[in-house]
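Novice: Sharing a structure below in structure tokens format, with a few things to ask.
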Amino acid sequence: MKKSVSEVINDCYKVANFAKDGCPANTYAHMTSLIEEVIAIAPEMNQDFTVTVNSIVKEILAAQMKDDLIKISDFIEFELVYVLKNYQK
-15 MKKSVSEVIN DCYKVANFAK DGCPANTYAH MTSLIEEVIA IAPEMNQDFT
35 VTVNSIVKEI LAAQMKDDLI KISDFIEFEL VYVLKNYQK
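Its first residue numbered -15, the sequence shown is counted upward by one per residue in my numbering.
What follows is the structure, encoded as structure tokens:
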């Protein structure tokens, strides 16, 4: 079942907290499903959403390659949440 935007935002905070706690295994495991959730709600978002989220996901994946959990946390908790809150149709 597809989640609502507010549920996806709550999941963003959970994944960001896993990253802040310094647990890469939990962060990466939940990050995958979070990205899938974000993609699933794209039809509910405005026309700029996809391009903006693509840019954020690239930054998150680049941070993952460096195991930079703080950067992952920042991009998920602040950038991604901002887009989810402000790019709705």
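Beta carbons: idealized from backbone N, C-alpha and C, even for Gly.
Note that this is a predicted model, so its numbers are computed, not measured.
Report yes or no: do three or more beta-carbon pairs, one from the segment 55 to 68 and one from the segment 5 to 25, lie closer than 8 Å?
Specialist: Because the criterion of three Cβ pairs below 8 Å is met, the segment 55 to 68 and the segment 5 to 25 touch.
Novice: How far does the alpha helix (DSSP H) with S(-12) in it reach, from first residue to last?
Specialist: Careful: S(-12) lies outside any alpha helix (DSSP H) and carries neither H nor E.
Novice: Name the two residues that bound the continuous alpha helix (DSSP H) containing K42.
Specialist: First-last of the alpha helix (DSSP H) with K42: F33 to M49.
Novice: If we ignore side chains and look at the alpha-carbon of each, how far apart do V35 and N(-6) end up?
Specialist: Those two C-alpha atoms are separated by around 22 Å.
Novice: For M29, which beta-bridge partners are listed by DSSP?
Specialist: Answer by DSSP bridge pairing, in chain order: Q72.
Novice: Which same chain residues, not among the five before or five after P8, have their C-beta less than 8 Å away from its C-beta?
Specialist: Within the same chain, P8 has close Cβ partners D51 and L53.
Novice: In terms of residue numbering, what span does the alpha helix (DSSP H) encompassing L53 cover?
Specialist: Run containing L53: L53 to D58, per the alpha helix (DSSP H) assignment.
Novice: Would you grab the beta carbon distance between E28 and Q72 for me? Rounded to a whole angstrom, and I think it's under 8 Å.
Specialist: Correct: roughly 6 Å between the Cβ atoms.
Novice: For the alpha helix (DSSP H) holding L18, just list the boundary residues, first then last.
Specialist: Counting along the chain, the alpha helix (DSSP H) containing L18 begins and ends at P8 to A24.
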